[in-house]
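As structure tokens, the structure follows; a few thoughts come after it.
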Amino acid sequence: MTVKIKFVDILRATLGFRTGNESWIGVSPDSNCYHIVSPVDTQISKGVMACNRPTDGTPFGGYRGWVYLRIPPFFDGVPDAESARRDHAVKVSQELIKKLDRYGILSSVERENCHPRKIQTVNNNALVEQNLSCSSCNKTWKKLVDCVKDLDLMFLAYHPCVSDFVEGSYVFQHGCKGLVYIPVSRFIRRSNEGKNLANFNACPGYCYYNDSIQECRASCEGSPYRRLARRLYEKVSDRRKRIQ
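Heads up: the sequence shown begins at 58 in our numbering, then just goes up one per residue.
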């Protein structure tokens, strides 16, 4: 079996030197799954691993018997830090495949977009909204408001794209257990609230966890998308409770 690692996960886990943190990736010995441990304080990581190398995963949260490999930080003291981060993530991906092979674990890294249903643009820059559909039963909604009000939908997660927050998506689960991916740009235009603080010291790191809908108080262009994720979760949950 080959474990398929998403490149976007490696990219999210590629932190800058100035954050003082790094990331680790854990892969199950049967090549069935993997998970990311991030952020991890670099100094604590070096000290613990040098003095008392653990036998049950990592000293910062892991599973016994899994293989854990370090995702080293990149040098972010350059003008185009985002390009440097992506280039570094590509090199790390190649190295991970080689290192896992030494453990007898077959792996591949899958390149993909930040979300599968990207809004298309036309010459006059008007947005062309695609129909929203369920990944399982193929039910479609022509309007965003009809989709969000559907009682068979439950807000599941916010998948941020830290390289460009407008490329993120909100994920809903349909009653058939299928998923509905809605680009954040269907709800809100590009934010002008500060600059992208991902990988900087002021970043609390919420966007590196797809299951987190914690609001971010940093003055970052990604903060409005997190606030909206929280409101969507609460609104959908409250409506379902009232119906029940």
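Beta carbons are placed, not taken as given, at the ideal position from N, Cα and C, and that holds for glycine.
Tell me the residue span of the beta strand (DSSP E) that contains His362. Residue 362 lies beyond the stretch modelled for the chain, which goes from 58 to 301, so this question has no answer here.
Nearest-angstrom Cα distance between Ala146 and Ile154? 12 Å
Under the three-state reduction of DSSP, which class applies to Cys273: helix, strand or coil? coil
Within the continuous alpha helix (DSSP H) that includes His145, where are the two ends? Ala138 to Arg159
Are at least three pairs of beta-carbons, each pair with one atom in the segment 225–236 and one in the segment 194–212, less than 8 Å apart? yes
Is it right to say Arg246 is buried, meaning 16 or more other beta carbons lie within 10 angstroms of its own, or is it exposed? exposed
If Phe212 sits next to Val293, beta carbons under 8 Å apart, how far is it from one beta carbon to the other, in whole angstroms? 5 Å
Starting from Arg127, follow the alpha helix (DSSP H) in both directions and report where the run begins and ends. Premise fails: Arg127 lies in the beta strand (DSSP E), Val124 to Ile128, not in any alpha helix (DSSP H).
For Ile82, the first and last residue of its enclosing beta strand (DSSP E): Asn78 to Val84
Could you give the C-beta distance for Leu254 and Ala275, rounded to a whole number, given that I count them as a contact under 8 Å? 5 Å
In three-state DSSP terms, what is Val237? strand
Can you check whether the CB of Gly83 is closer than 8 Å to the CB of Val94? yes
Where Phe222 falls: helix, strand or coil (DSSP): helix
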